[in-house]
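S.K.: Residue numbers (my numbering): 425 to 717.
Using N, Cα and C, we set each Cβ at its ideal position, and we do this for glycine too.
Just dropping this structure here.
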Amino acid sequence: MLNYRHLYYFWVVTKEGGFARAAERLDMAVQTISAQVRELEKAFGHQLLKPAGRGVAMTEAGQAAFARAEEIFQIGQVIPDEVREAASGKVARLAVGISDGISKLAAHALLEPVLATPSLRLVCHEGEFEQLLAELALHRLDLVLAGQAAPRNPNLRLTSERLVESAVGWYGPPAHVHKADIDQFPQSLNRLPVLLPTGHSALRPTLDRWFEAQGLRPRIVGEFEDSALLAVFAARGMGVFPVCRLGASDVGLMRGLRLLGRCDDVKEEIHAIRSRRGQHHPLVLQVIAAARS
């Protein structure tokens, strides 16, 4: 049977980069920790660490062991907080990762069904897709909303499903959206100031292909990574911008903006990605069920 104390010492050594720093962190003798790691290697039948300069490096077997140890001890670090919260009966915690390439307006619309949950503590992290998947695999997140499905990787143990495939509409302030502009859409985009998501967004390449297919050369006056910030600048009169119809349902952020036109050929996808643990989280299930309905 695996000795988790030995595994923990190995994990600390790899995190700290060597036995000396691990000994300092654990307030133990270097020789004691070294002996415990050797016992783990003996149990596995493989060398896990090898000398590297003044420290140590992992062998391939060590990397495999570390990946599982990281998962185990990261879970261990959050268990006390989760037990306290569950015992108090006061906090319903939902940690969501939002890929920086998707519409924040749409993300808000997808999460809205759980916002009225009593004693909700919603924790939202924005980041790169790969970074969020790593956080999800380590159980630091309950759900990731992204513009693409999770890659097939049996080591990550993630599942994903498409929640939304929403066509895009163009909106702008009354100063830029007149009847003639609406009647001449999409050609009116050639003369109107246009705000777009930056290239990191999954929507941008689709828009660029649509511009080319329509023979459009829009006058781009701004590019934004954050879709909510893009909407704010548009609402303040800077120009017209694309947003998926789900995001356009956010009355607060879209108030005062007019619909210029729709382009049904351009769609934004949003996928819900969860770990094995997230498959049973009641708030995650509520978000997914609401999106399906």
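1) In terms of alpha-carbon separation, which member of Gln471, Gly477, Ile496, Ala446 lies closest to Glu484?
2) When we look at the beta-carbon of Ser717 and count the other beta-carbons within 10 Å, is it buried (16 or more) or exposed?
3) Please look up how many angstroms separate the CB atoms of Leu681 and Ile606, rounded, as I've assumed it's under 8 Å.
4) Quick check on Asp632: does DSSP put it in helix, strand or coil?
5) Would you tell me roughly how many angstroms separate the C-alpha atoms of Phe443 and Ala672, rounded to the nearest one?
6) Quick check on this structure: which residue in Ala540, Val588, Pro617 has the alpha carbon closest to the alpha carbon of Pro598?
7) Give me, in chain order, the residues of the same chain whose beta-carbon lies closer than 6 Å to that of Val588; leave out the 5 immediate sequence neighbours on both sides.
8) Leu529 and Ala652 - do their beta-carbons sit closer together than 8 Å?
9) Give the secondary structure of Ser612 by DSSP, where H, G and I count as helix, E and B as strand, and everything else as coil.
10) Of all the beta strand (DSSP E) runs that stay within the bounds of the stretch 547-628, which reach a length of 3 or more residues?
11) Of the choices Ser543, Gly571, Tyr428, Pro537, whose alpha-carbon is the least far from that of Gly551?
12) Does Ala561 pass the burial test, meaning 16 or more other C-beta atoms within 10 Å, or should it be called exposed?
13) What would DSSP say about Ile697, mapped onto helix, strand or coil?
14) Confirm, please, whether the CB-CB distance from Pro537 to Val711 is below 8 Å.
15) DSSP three-state call for Arg669: helix, strand or coil?
16) How long is the line joining the alpha carbons of Trp594 and Leu707, rounded to whole angstroms?
17) Compute the Euclidean distance between the alpha carbons of Gln455 and Ala489, then round it to the nearest angstrom.
18) Starting from Glu448, follow the alpha helix (DSSP H) in both directions and report where the run begins and ends.
19) Anyone know if the C-beta pair for Leu640 and Phe648 falls short of 8 Å?
20) Around the C-beta of Ile697, are 16 or more other C-beta atoms found within 10 angstroms, so that it is buried, or is it exposed?
21) Quick check on Leu473: does DSSP put it in helix, strand or coil?
22) Using the Cα positions of Asp689 and Trp634, report the straight-line distance between them to the nearest angstrom.
M.R.: So, from the listed chains and residues:
1) Among Gln471, Gly477, Ile496, Ala446, the Cα nearest to that of Glu484 belongs to Gln471.
2) exposed
3) Not a contact, Cβ separation roughly 13 Å.
4) helix
5) If you take the alpha carbons of Phe443 and Ala672, they lie about 55 Å apart.
6) Pro617
7) These residues qualify, in order along the chain: Leu670, Ile694.
8) yes
9) Reduced to three states, the DSSP call for Ser612 is helix.
10) Taken in chain order, the whole beta strand (DSSP E) runs of length 3 or more contained in the stretch 547-628 are 567-570, 582-596, 617-621.
11) Gly571
12) Residue burial is scored here from C-beta neighbours: Ala561 has at least 16 other C-beta atoms within 10 angstroms and is therefore classed as buried.
13) strand
14) yes
15) helix
16) The alpha-carbon of Trp594 is positioned some 32 Å away from that of Leu707.
17) For Gln455 and Ala489, the distance between alpha carbons rounds to 21 Å.
18) 443-450
19) Going by C-beta atoms, Leu640 is not nearer than 8 Å to Phe648.
20) buried
21) It is a strand residue.
22) Going by the C-alpha atoms only, they are around 8 Å apart.
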